[in-house]
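Heads up, the thing below is written out as structure tokens.
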Amino acid sequence: MNRIDNIRQKIAEGKLVKGFFLTMADPMVSEIAGYAGYDYVWIDAEHGPLDRQEIFHHIVAAQGSGCCAFVRVPAADPAAMKAILDMGPDGIIFPFVDNKEIAQRAVQACAYPDGEIHGVRGQGPIRAIKYGLEDEGAYLKTAYEKVFKIVQIESLEGYENLDEIMQVKGIDSIFIGAADLSRSIAGRGNDLDLNTVYNDICSRVRKNNMVLGAAIGATAEDAARVTAKGVQYVVFGQDARVLASGLKANLDALKDF
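In structure tokens form, the structure reads like this:
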């Protein structure tokens, strides 16, 4: 059983899958997260200032310490994703999937042309086949299913097109990007509110038997709130903020001296 199958099994057993959000370059953070017991790390190549080499080091460190490595890419761009997929991540997160066309580009970017999805991924796996120590032909037959494909719904357009997006073959999960979704709703000046939209997404995704993810605060109350809505995996905590709050608390402990 590979790493992503462990995640799928945990979800099937009704256990909440937990991830940590990474923006800093040092792979030590991913390694610590794995040793601490997180199920996966969310390596942010959309907002975080990470280059290819840094993403690669995070993937290696996370997997070496026992957790999955999910990479959020800037967009569903097959050309930009080739190198990342060949690094052997366990999952790819696509931001702002606003319609079925973007969703289709996302899954096709993860698939080779001769597969069931008829993708556009170019052949050239490197670390994904342990630098040639594993059989490349065997990898090509199973590569697609080993990558957990997550699409984010974080705009009103994405919400309005949710049913069409979920019909795109090859998507493994829907992730609610509540912060951007809230701003998108407010920017359109309609009668909708985030709570109504959030609950509706949860209901429709679970009725469609798709895996559902969300970001939460690092509290038991937040976990209880979202799991009651059907959320099966979460990401909470961000490296820079955890470090900042820890440093501040450390300093405050001696504020009277």
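Here this note's numbering is used: the first residue of the sequence shown is 3, the next is one more, and so on.
No residue lacks a Cβ here, since even glycine has one placed at the ideal position from N, Cα and C.
Since the structure is predicted, the reported quantities are computational estimates derived from the model, not experimental observations.
Have a look at A226 and V233 and give me their C-alpha separation to the nearest angstrom.
Answer to the nearest angstrom: the Cα atoms are 10 angstroms apart.
For A180, I'd like the list of residues in its chain whose CB is within less than 8 angstroms of its CB, leaving aside the five on either flank, ordered along the chain.
Excluding five sequence positions before and after A180, the CB atoms of its chain that fall closer than 8 angstroms to its own CB belong to E156, L196, Y200, A216 and A217, given in chain order.
Are C69 and G36 closer than 7 angstroms when you measure CB to CB?
Going by C-beta atoms, C69 is nearer than 7 angstroms to G36.
Cβ atoms of V244 and F23: under 7 angstroms apart, would you say?
Contact annotation: F23 and V244 have beta-carbon atoms that are not nearer than 7 angstroms.
Tell me which same chain residues have a C-beta within less than 7 angstroms of the C-beta of F58, skipping the five on either side of it?
Correct list, in chain order: M89.
Give every residue of the same chain whose Cβ lies closer than 6 angstroms to the Cβ of G50, excluding the five residues on either side of it in the sequence, and list them in chain order.
Excluding sequence neighbours, G50 sits near T25.
Any 3 or more C-beta pairs closer than 8 angstroms across the region 168 to 179 and the region 111 to 121:
The region 168 to 179, when compared against the region 111 to 121, does touch it at the 8 angstroms Cβ threshold.
Taking 7 angstroms as the threshold (C-beta atoms), are L158 and I310 in contact?
Given a span of 3 to 259 for the chain in the structure shown, any question on residue 310 remains unanswerable.
Which whole runs of the alpha helix (DSSP H) in the region 185 to 212 are 4 residues long or more, in chain order?
Secondary structure remark: continuous alpha helix (DSSP H) runs of at least 4 residues inside the region 185 to 212, in chain order: 196 to 209.
Taking buried to mean at least 16 other C-beta atoms within 10 Å of its own C-beta, is A81 buried or exposed?
Around the beta carbon of A81, a 10 Å sphere encloses fewer than 16 other beta carbons of the protein chains shown; the residue is thus reported as exposed.
Applying the criterion that 16 or more other CB atoms from any shown protein chain within 10 Å of the CB defines a buried residue, is D46 buried or exposed?
By the 10 Å Cβ count, D46 comes out buried.
Does the distance from the C-beta atom of P91 to that of A77 stay below 7 angstroms?
Not in contact: P91 and A77 (Cβ atoms no closer than 7 angstroms).
Does DSSP put F58 in a helix, in a strand, or in coil?
Reduced to three states, the DSSP call for F58 is helix.
Just to check my reading of the structure: I86 and V99 have Cβ atoms closer than 8 angstroms, yes? What is that Cβ distance to the nearest angstrom?
No, I86 and V99 are not in contact; Cβ-Cβ is about 17 angstroms, not under 8 angstroms.
Suppose you measure from the CA of E136 to the CA of G160; what does that come to, to the nearest Å?
E136 and G160: Cα-Cα distance of roughly 39 angstroms.
What is the DSSP secondary structure of S175, reduced to helix, strand or coil?
DSSP, reduced to helix, strand and coil, places S175 within a strand of the structure shown.
Can you tell which of L253, Q65 and R206 has its C-alpha closest to the C-alpha of G39?
Comparing Cα positions, the closest option is Q65.
Can you list, in chain order, the residues of its chain whose CB lies under 7 angstroms from that of R208, leaving out five sequence neighbours each side?
Answer for R208: L214 and G232, listed in chain order.
Out of curiosity, what's the CA-to-CA distance linking Y133 and V109?
Approximately 25 angstroms between the Cα atoms of the pair.
For A217, which beta-bridge partners are listed by DSSP?
Among the bridge pairs identified by DSSP, A217 is matched with V237.
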